[in-house]
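Structure first, then comments.
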């Protein structure tokens, strides 16, 4: 059996302690927010850590308790304090308790371990499928209020209105009211599809909103390349055969830009210098704006003919930037 | 964090509620899982079960968002933990097999107030985890013992990593090696331990 890094990190986290001590604080922060801390602590004790701890957490943190809660381990704690945490693994468990209760914003932004990312994806997906049926009608109504072209759903199929339920809920709902409700809901959905001039699927999870992008790749450059690949794939995956399908694609793309702009991909992009990240977000705002303009053009009475080429060009530009991150943060030519 | 709750409770557009909700899941999922594990499960926890509780908790958060937001919310995290705790306790009260650790299922839960259940469980787990911690990892210990016999140099290099700087210096002097060589020894040690664990420590 061969091991990859991820398997090793799950099975033997203590052996993944970085060799370079300056990397310990960041690594420990990840462990404190991960699911493997109890195992790590047990292994550290086995390798030579002390249990029970030789000092209390208050003694170790001293007057750095609040700074640690607000700023993490890197700044506030000295190398010696970090080392003592490693040497007294029980304190790591206590510190995790403290952070879960009182940790500030900083701790919500710690780069997640791959195990956390996978778990998050799984749970988020299940939760959203469970609640989505109750949210779709309202967004469909919102869409219906917008003026514009008539659009068929992409691929010609109606939105999926099935409810994903737990067995208990299913039993509760079985009955005439449930079926009557279901019939009414289906009828309402069909009406909305037929009458809604702007109906489009809730095309979630594409472009910047793709779930896979919310976990980091091995390096930040690899993450950016993955974003570029994903955008290329999503742009090409459904043929743009007319203005309606182009509009659909552009709206999905435009909405996905918010994932990058409002920081939901920050955790994946940790390691990208602040100036580059800011530049990337600024560019993304512009891409979003350009998509917005094209959407408006498509909704006008006589849309220009070359919009598809313009849209392709936009996708080409953004992929180029994502694949050449050196360009980010550079002053723009006048 | 307040900003995220604000997004969730008062989005700029009505259809952005869901997006705000997604952001909250992204931000607090690992807090919730770790919190529930610490309160109710031993360190040998079952992630699938925890995810099940987390899923139910998030669905409840969505269902009760209106009442939460109407109360001019300050502390989303503690509200989330309260809902999570309630979900686990509810399961426990139904005495669903395997919902709680075995010894916990034996109790007559109906007469015990929820706070006391949580407190007792926390004490029990704290003791359990402390014992577990002092026992260490048996398989790893066996592999380390083997490494110590077969390759003492690798063993010393590995163990010196978690001790203080002076231990590392001692190893450098003892074996007359430099830091890159020490790193290589540690890497070798990690490979040997890995092979030993995969091959069966005993």
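Protein chains in written order, with the working numbering: chain D, 1173 to 1506; chain W, 9 to 210. Idealized CB from N, CA, C, for every residue including glycine.
Worksheet item: Sorted by chain position, which residues of the same chain lie with C-beta nearer than 6 Å to residue 1494(D)'s C-beta, five sequence neighbours on each side aside?
Response: Working through the first chain from its first residue, we reach residue 1494(D) at position 322. Result list for residue 1494(D): 1396, 1399, 1400, in chain order.
Item to complete: Under 8 Å by Cβ, that's how I've got residue 1199(D) and residue 1210(D) pegged, so tell me the actual separation to the nearest angstrom.
Response: Counting from one through the first chain, the residue named residue 1199(D) turns up at place 27. Counting from one through the first chain, the residue named residue 1210(D) turns up at place 38. Contact doesn't hold; Cβ gap of about 17 Å is too wide.
Worksheet item: What is the DSSP secondary structure of residue 1262(D), reduced to helix, strand or coil?
Response: Counted from its first residue, the first chain places residue 1262(D) at position 90. Three-state result, residue 1262(D): helix.
Worksheet item: Looking only at its own chain, which residues have a Cβ that is under 6 Å from the Cβ of residue 1289(D), when we skip the five neighbours before and after it?
Response: Taking the first residue of the first chain as 1, we reach residue 1289(D) at position 117. The answer, listed in chain order, is 1387.
Worksheet item: Grouping DSSP H, G and I as helix and E and B as strand, with all else coil, what is residue 1280(D)?
Response: Counted from its first residue, the first chain places residue 1280(D) at position 108. If DSSP states are grouped into helix, strand and coil, residue 1280(D) belongs with the helices.
Practice prompt. At 8 Å on the CB atoms, spell out the chain W contacts of residue 1487(D), in chain order.
Written response: Translated into the one-based positions of the first chain, residue 1487(D) becomes position 315. Within 8 Å Cβ-Cβ: nothing; residue 1487(D) doesn't reach chain W, min ~23 Å.
Worksheet item: For residue 63(W) versus residue 1295(D), is the C-beta spacing smaller than 8 Å?
Response: For the purposes of this step, residue 63(W) is identified with residue 55 of the second chain, where counting begins at 1. For the purposes of this step, residue 1295(D) is identified with residue 123 of the first chain, where counting begins at 1. Cβ atoms of residue 63(W) and residue 1295(D): closer than 8 Å.
Discussion item. By the three-class DSSP mapping on this structure, what secondary structure does residue 1501(D) have?
Written reply: Residue 1501(D) sits at position 329 when you count from the first residue of the first chain. In the structure shown, residue 1501(D) sits in coil (DSSP, three-state: anything other than H, G, I, E or B).
Item to complete: Measure the alpha-carbon distance for residue 203(W) versus residue 18(W) and round it to whole angstroms.
Response: Along the second chain, one-based indexing puts residue 203(W) at 195. Along the second chain, one-based indexing puts residue 18(W) at 10. Residue 203(W) and residue 18(W) have their C-alpha atoms roughly 54 Å apart.
Practice prompt. Keeping to the same chain, check which residues put their C-beta closer than 8 Å to that of residue 1461(D); ignore five residues upstream and five downstream.
Written response: On the first chain, residue 1461(D) is found 289 positions in, with the first residue counted as 1. Taken in chain order, the list of residues that qualify is empty.
Worksheet item: For residue 1378(D), which of 1239(D), 1422(D), 1393(D) has the nearest alpha-carbon?
Response: Within the first chain, residue 1378(D) is the residue found at index 206, counting from 1. Among 1239(D), 1422(D), 1393(D), the Cα nearest to that of residue 1378(D) is on 1422(D).
Item to complete: Inspect the beta-carbon positions of residue 1392(D) and residue 1443(D) and report whether they are closer than 8 Å.
Response: Translated into the one-based positions of the first chain, residue 1392(D) becomes position 220. Translated into the one-based positions of the first chain, residue 1443(D) becomes position 271. Going by C-beta atoms, residue 1392(D) is nearer than 8 Å to residue 1443(D).
Item to complete: Can you have a look at residue 1181(D) and say buried or exposed, based on whether 16 or more other CB atoms are within 10 angstroms of its CB?
Response: Reading the first chain from its first residue, position 9 is the one you call residue 1181(D). That one is buried.
Discussion item. Check for me: the alpha helix (DSSP H) holding residue 1485(D) runs from which residue to which?
Written reply: Counting from 1 along the first chain, the entry for residue 1485(D) is found at position 313. Note, residue 1485(D): alpha helix (DSSP H), 1479–1495.
Worksheet entry | residue 200(W) classed as buried or exposed, judged by whether at least 16 other C-beta atoms fall within 10 angstroms | As a first step, residue 200(W) is located in the second chain; it is residue number 192 there, counting from the start. Buried: at least 16 other Cβ atoms inside 10 Å.
Worksheet item: When you compare only the Cα positions, how much space is there between residue 1208(D) and residue 159(W)?
Response: Walking along the first chain from the start, residue 1208(D) turns up at place 36. Walking along the second chain from the start, residue 159(W) turns up at place 151. Residue 1208(D) and residue 159(W): Cα-Cα distance of roughly 28 Å.
Item to complete: Select from 1276(D), 1259(D), 1457(D), 1219(D) the residue whose C-alpha is nearest the C-alpha of residue 1241(D).
Response: Working through the first chain from its first residue, we reach residue 1241(D) at position 69. Checking every option, the nearest Cα to that of residue 1241(D) belongs to 1276(D).
Fill in: Where residue 1243(D) meets chain W, residues with beta-carbon distance less than 8 Å
Indexing the first chain from 1 puts residue 1243(D) at position 71. Within 8 Å Cβ-Cβ: nothing; residue 1243(D) doesn't reach chain W, min ~15 Å.
Worksheet entry | Interface residues of chain D facing residue 172(W) [CB-CB closer than 7 Å] | The count along the second chain starts at 1 and reaches residue 172(W) at position 164. Listed along chain D are 1255, each with a C-beta nearer than 7 Å to that of residue 172(W).
Discussion item. Mapping the DSSP letters down to three states, classify residue 33(W) as helix, strand or coil.
Written reply: What you label residue 33(W) is simply residue 25 of the second chain in a count that begins at 1. Looking at residue 33(W) - three-state DSSP - the assignment turns out to be helix.
Discussion item. If you measure between the beta carbons of residue 1212(D) and residue 1203(D), is that distance less than 8 Å?
Written reply: If you number the first chain from 1, residue 1212(D) lands on position 40. If you number the first chain from 1, residue 1203(D) lands on position 31. Taking 8 Å as the Cβ cut-off, residue 1212(D) and residue 1203(D) qualify as a contacting pair.
Item to complete: Evaluate the contact criterion for the segment 59–75 of chain W versus the segment 84–97 of chain W: three or more CB pairs, one atom per stretch, below 8 Å.
Response: yes
Worksheet item: Going by alpha carbons, who is nearest to residue 1195(D) out of 1279(D), 1249(D), 1445(D)?
Response: By one-based count along the first chain, residue 1195(D) stands at place 23. When each option's Cα is compared against that of residue 1195(D), the closest is 1249(D).
Fill in: Cross-chain neighbours of residue 159(W) in chain D, by beta carbon under 7 Å
Position 151 of the second chain holds residue 159(W). In chain order: nothing, as chain D lies at least about 15 Å away.
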